[in-house]
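These notes concern the structure reproduced below.
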Amino acid sequence: MSLLTRNNITAPAPEFVSEAYWINSAPLGLEQLKGRVVMVNFWSYSCMNCIRELQFLKEWWDRYKDAGLMIIDIHTPEFEFEKDPENVESFCRKYGITWPVILDNDNKMWNAYRNRVWPSRYVIDGQGIIREHHFGRGGYADTEAAIRHLLKELPSVAELPPIVFDGKLRKRRICFPSSPKVHCGCSHGRIANALEYKPGKPINLGTCGILKENHVYLRGTWNCDGEYVQHGRSTEALEDSLSIIFYGIEAGAVLESADKTETRVYITLNGNPVNKDQAGEDIRYNGGSSCIMVREPRFYSIMRSEEFGTHTLRMAVDSDKLRVYAFMFGGCL
């Protein structure tokens with residue numbers, strides 16, 4: 046939502062929590078940053094949409110930091126493992142995040158901004174006033190226009206670099222409705238074929254029958270935790286599985302190996318191995334099968350396609366270490 050044309054902008058940005066854990070910077074305050082344009086970005090490192098928007102944040106940082114832009118990432122976790130500073134720091138190194146990051150593990154900044162979703166962006170002018178915001182994926186042209194507009198208000202800016210949101214990136218703003226995020230844990234999960242679904246109680250399920258969209262179906266033995274389901278036994282074959290029907294052009298899951306050793310998970314899409322032209326970044330091939338190798342807790346990319354459609358995703362596993370937190374889907378080209 047663009048606020049730049051309003052004349053009654055008087056909403057000061059909430060101050061940063063200095064006692065929080067900071068990455069890539071000593072603690073900063075808004076008073077220190079007066080005279081710069083600040084973009085506050087709420088995210089979590091297992092969020093698919095947060096990962097997909099990183100290309101824009103990197104471009105803005107590279108092009109506008111010397112003109113007066115400061116990016117402050119506020120990492121508000123969704124899952125317990127995202128509270129671990131080592132996990133967040135590892136993600137930042139892997140994806141080249143070099144601007145300051147605040148770990149908002151107690152949701153103080155999230156609540157101060159009255160934020161609602163990951164990702165969310167707030168653009169603050171040189172006087173500490175919020176002048177533009179956007180909730181969720183997309184809106185990159187509006188955000189960059191706000192950054193450039195507010196940079197031009199600074200007395201020290203003479204000339205700005207070329208705009209990032211050019212024709213090459215503009216095509217990726219087209220979005221179709223996709224399946225919603227589906228959680229698997231007992232706290233707010235959705236297991237369609239489990240009559241009892243309680244923490245610490247093993248689930249033993251047979252065939253699933255006809256599947257409905259946007260519901261997770263389990264087969265075999267599984268254990269439930271508040272945030273995830275964990276495969277409950279080691280098997281010699283791949284008789285145990287999770288299945289879900291979704292619609293969209295992108296699919297992935299938040300997964301973890303319980304003891305951090307590598308766990309192979311076999312993937313089929315519509316009953317077949319994932320085609321190479323549809324394979325997400327984490328798909329590997331083992332003989333004639335497609336699979337993902339799960340170790341640390343994070344988002345694992347399974348499918349990315351240029352064609353929107355409805356698909357049946359199945360995960361099969363023989364290890365008792367696999368934890369499944371959530372499935373995420375996307376519809377943005």
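Here the numbering used here is used: the first residue of the sequence shown is 46, the next is one more, and so on.
Glycine residues also receive a C-beta, built at the ideal position from the N, C-alpha and C atoms.
Bear in mind that the values here come from a model prediction, so they are computed numbers and not experimental data.
Whether residue i touches residue j by CB criterion (8 Å)
{"i": "residue 288", "j": "residue 339", "result": "no"}
{"i": "residue 67", "j": "residue 169", "result": "no"}
{"i": "residue 298", "j": "residue 347", "result": "yes"}
{"i": "residue 269", "j": "residue 243", "result": "yes"}
{"i": "residue 312", "j": "residue 360", "result": "yes"}
{"i": "residue 315", "j": "residue 266", "result": "no"}
{"i": "residue 166", "j": "residue 84", "result": "yes"}
{"i": "residue 372", "j": "residue 257", "result": "no"}
{"i": "residue 86", "j": "residue 116", "result": "yes"}
{"i": "residue 323", "j": "residue 349", "result": "yes"}
7 Å Cβ shell around residue i - same chain, five flanking residues per side excluded
{"i": "residue 88", "result": "95, 118, 120, 163, 164"}
{"i": "residue 238", "result": "250, 253, 262, 263"}
{"i": "residue 173", "result": "57, 58, 75, 79"}
{"i": "residue 364", "result": "276, 279, 308"}
{"i": "residue 108", "result": "206, 209"}
First through last residue of the alpha helix (DSSP H) which encompasses residue i
{"i": "residue 193", "result": "185-198"}
First and last residue of the uninterrupted beta strand (DSSP E) at residue i
{"i": "residue 242", "result": "Premise fails: residue 242 is in no beta strand (DSSP E) and is neither H nor E."}
{"i": "residue 299", "result": "286-302"}
{"i": "residue 372", "result": "367-375"}
{"i": "residue 66", "result": "66-68"}
{"i": "residue 62", "result": "No beta strand (DSSP E) contains residue 62, which DSSP labels as neither H nor E."}
{"i": "residue 319", "result": "Taken as a continuous stretch (DSSP letters only), residue 319 belongs to no beta strand (DSSP E), as it is neither H nor E."}
{"i": "residue 209", "result": "No beta strand (DSSP E) holds residue 209; DSSP gives it neither H nor E."}
{"i": "residue 276", "result": "274-276"}
Bridge partners - residue i, DSSP secondary structure assignment
{"i": "residue 30", "result": "In the structure displayed, the chain extends from 46 to 378; residue 30 sits before or after that span and is not available."}
{"i": "residue 248", "result": "267"}
{"i": "residue 309", "result": "338"}
Own chain residues within Cβ distance below 8 Å of residue i, not counting five before or after
{"i": "residue 53", "result": "For residue 53, the predicted structure reports a pLDDT of 47, less than 50, and the residue's modelled location is therefore unreliable. The matter cannot be settled from this model."}
{"i": "residue 161", "result": "180"}
Heavy atom of the ligand MG within 7 Å of residue i beta-carbon
{"i": "residue 339", "result": "With respect to small molecules bound, the structure shown includes none, and the ligand MG cannot be examined in it."}
Beta-carbon contacts of residue i that lie in its chain and below 6 Å, excluding the five residues immediately before and after
{"i": "residue 128", "result": "122, 150"}
{"i": "residue 221", "result": "353, 376"}
Review point. Which runs of the alpha helix (DSSP H) spanning at least 4 residues fall entirely within the region 88-172, listed in chain order?
Key: Complete alpha helix (DSSP H) runs here, min 4: 93-97, 99-109, 130-140, 153-157.
Check your understanding: If you scan the region 321-355 from start to end, which runs of the beta strand (DSSP E) of 3 or more residues do you find wholly inside it?
Key -> The DSSP assignment places 329-331, 334-339 as complete runs of the beta strand (DSSP E) inside the region 321-355, in order along the chain (cut-off: 3 residues).
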